[in-house]
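Chains as they are written, first to last, in the working numbering: chain A, 136 to 254; chain B, 7 to 116.
Backbone N, C-alpha and C define an ideal beta-carbon position, used for all residues, glycine too.
Notes follow once the structure below has been shown.
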Amino acid sequence: GAVVSQHPSWVICKSGTSVKIECRSLDFQATTMFWYRQFPKQSLMLMATSNEGSKATYEQGVEKDKFLINHASLTLSTLTVTSAHPEDSSFYICSARTSPGTGARNTQYFGPGTRLTVL
Amino acid sequence: AQRVTQPEKLLSVFKGAPVELKCNYSYSGSPELFWYVQYSRQRLQLLLRHISRESIKGFTADLNKGETSFHLKKPFAQEEDSAMYYCALSSDTGRRALTFGSGTRLQVQP
Numbered sequence: 136g137a138v139v140s141q142h143p144s145w146v147i148c149k150s151g152t153s154v155k156i157e158c159r160s161l162d163f164q165a166t167t168m169f170w171y172r173q174f175p176k177q178s179l180m181l182m183a184t185s186n187e188g189s190k191a192t193y194e195q196g197v198e199k200d201k202f203l204i205n206h207a208s209l210t211l212s213t214l215t216v217t218s219a220h221p222e223d224s225s226f227y228i229c230s231a232r233t234s235p236g237t238g239a240r241n242t243q244y245f246g247p248g249t250r251l252t253v254l
Numbered sequence: 007a008q009r010v011t012q013p014e015k016l017l018s019v020f021k022g023a024p025v026e027l028k029c030n031y032s033y034s035g036s037p038e039l040f041w042y043v044q045y046s047r048q049r050l051q052l053l054l055r056h057i058s059r060e061s062i063k064g065f066t067a068d069l070n071k072g073e074t075s076f077h078l079k080k081p082f083a084q085e086e087d088s089a090m091y092y093c094a095l096s097s098d099t100g101r102r103a104l105t106f107g108s109g110t111r112l113q114v115q116p
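Structure representation (structure tokens):
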């Protein structure tokens with residue numbers, strides 16, 4: 136089956152620093168990847184849609200200058216939390232959608248998530 | 007705007023009992039509905055989708071457009087079914103991003 140990895144799985148950083156999280160589709164190409172945020176005991180909230188070779192589309196209320204997304208290849212998207220603050224502490228999850236014409240269409244495969252703690 | 011509602015935060019049943027996890031949605035077009043499951047300390051994984059009309063691990067879900075529901079059912083619960091279940095909706099056009107419900111934790115007791 137399709138596998139999506141995330142790195143790192145957890146990170147602790149000081150307030151004011153930037154943190155980069157990688158999302159990779161290991162055995163398939165994904166023209167579209169999604170970034171979600173999950174607070175404790177809550178559901179996943181879509182932050183942005185990452186499209187290979189173009190600018191990301193951010194959901195309302197998500198600061199694009201705060202959460203920089205780059206989708207440089209068909210297998211890699213990165214989320215950079217810039218000038219992180221304690222309120223950015225959360226569980227960040229990415230998903231990758233199979234490209235049209237490949238296997239089950241419109242299926243999103245999820246990464247294991249990255250737990251960010253900002254001190 | 008699209009919305010997914012899962013009214014139960016927790017559903018506790020005994021092994022062998024029937025299970026029904028409720029999901030209602032609102033969407034103006036023709037949505038695609040999914041059920042995702044998250045076992046303890048594992049990633050979110052697709053359980054089933056309405057267009058497949060299949061049964062996975064004994065679970066089924068039927069899309070009822072009249073009632074705008076996509077309830078997840080299993081006739082006989084097993085202990086290994088204990089997990090967090092999320093109902094999700096994808097639009098039929100555009101980015102097709104997923105909108106998730108708040109999730110229901112299923113506890114199957116021995």
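With distances taken between CA atoms, Gln-84 (chain B) lies nearest to B:Val-19 out of B:Val-10, B:Lys-15 and B:Val-19. Between Leu-179 (chain A) and Phe-106 (chain B), the C-beta gap is smaller than 8 Å, which places the two residues in contact. Against chain B, the beta carbon of Pro-247 (chain A) has neighbours under 7 Å at Arg-49, listed in chain order. Take the alpha-carbon of Gly-188 (chain A) and the one of Phe-202 (chain A): they are about 17 Å apart.
Flagged as an interface residue toward chain A: Leu-104 (chain B), by a C-beta distance shorter than 8 Å.
Looking at the DSSP output, Leu-54 (chain B) sits in a beta bridge with B:Trp-41. Chain A has no Cβ within less than 8 Å of the Cβ of Tyr-45 (chain B). Where Lys-63 (chain B) is concerned, there is no enclosing beta strand (DSSP E), because DSSP gives it neither an H nor an E.
Comparing C-alpha distances from Trp-145 (chain A) to each of A:Pro-221, A:Ser-225 and A:Gln-243 shows the shortest one belongs to A:Ser-225. For Phe-245 (chain A), the enclosing beta strand (DSSP E) covers residues 243-245. Around Thr-249 (chain A), the same chain offers Gln-141, His-142, Pro-143, Ser-144, Trp-145, Val-146, Ile-156, Phe-226, Tyr-227 and Ile-228 as residues with beta carbons nearer than 8 Å, after the five sequence neighbours per side are excluded. In the structure shown, Glu-86 (chain B) adopts helical secondary structure according to DSSP, grouped into three states.
Under the Cβ distance rule, Ser-153 (chain A) does not count among the residues neighbouring chain B, no pair being separated by less than 8 Å. Annotated three-state conformation of Glu-222 (chain A) is helix, per DSSP.
Under the three-state reduction of DSSP output, His-206 (chain A) falls in the strand class.
By the rule that beta-carbons nearer than 8 Å mark a contact, Leu-52 (chain B) touches chain A.
Within chain B, the residues placing a beta-carbon under 7 Å from that of Gln-243 (chain A) are Leu-104, ordered along the chain. Beta-bridge annotation (DSSP): Glu-157 (chain A) is paired with A:His-142 and A:Thr-213.
The three-state secondary structure of Cys-29 (chain B), taken from DSSP, is coil. In the structure shown, Ala-103 (chain B) adopts coil according to DSSP, grouped into three states. By the CB criterion at 8 Å, Ser-32 (chain B) and Thr-74 (chain B) fall inside the cutoff.
The closest CA to that of Thr-192 (chain A), considering only A:Leu-161, A:Phe-169 and A:Leu-254, is found on A:Phe-169. Thr-192 (chain A) has a beta carbon lying within less than 8 Å of a beta carbon in chain B.
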